[in-house]
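Peer 1: Handing you this structure, nothing more for now.
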Amino acid sequence: MASGRGEDDRTMATLHRRARSVRKVFARLPAARDGAAVQGTNRLADMFVEALMRNWERKQP
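With the working numbering applied, the sequence shown corresponds to residues -4 to 56, in that order.
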């Protein structure tokens, strides 16, 4: 069971793809046309990634 840097890189890439997906979904909302709303949706995506990372770190041996 060789867990190495490559696996961590793949996990991070997955998390970043998910964050982009969240941003795209929020960008489709009518309120997202406002600059402040865009910043808010980016922050939500960042919070999502942070939560995923904390969850992933908890599961690590």
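Note that beta-carbon positions come from the ideal geometry of N, C-alpha and C, so glycine has one too. Please read all numbers here as calculations on a predicted model, not as lab measurements.
1. What separation, rounded to the nearest whole angstrom, lies between the Cα atoms of residue 15 and residue 55?
2. Spatial neighbours of residue 40 within its chain, please: C-beta separation below 6 Å, excluding the five flanking residues on both sides.
3. Could you give the distance in angstroms between the alpha-carbon of residue -3 and the alpha-carbon of residue 3?
4. Which two residues bound the contiguous alpha helix (DSSP H) that contains residue 38?
5. Taking DSSP as the reference, what is the three-state secondary structure of residue 23?
Peer 2: In brief:
1. 24 Å
2. 14, 17 and 18
3. Confidence is the limiting factor: at residue -3 the pLDDT is only 45, short of 50, which leaves the residue's position unreliable, though a coordinate-based value still follows. Looking at the two C-alpha atoms, the distance is approximately 12 Å.
4. 30 to 54
5. coil
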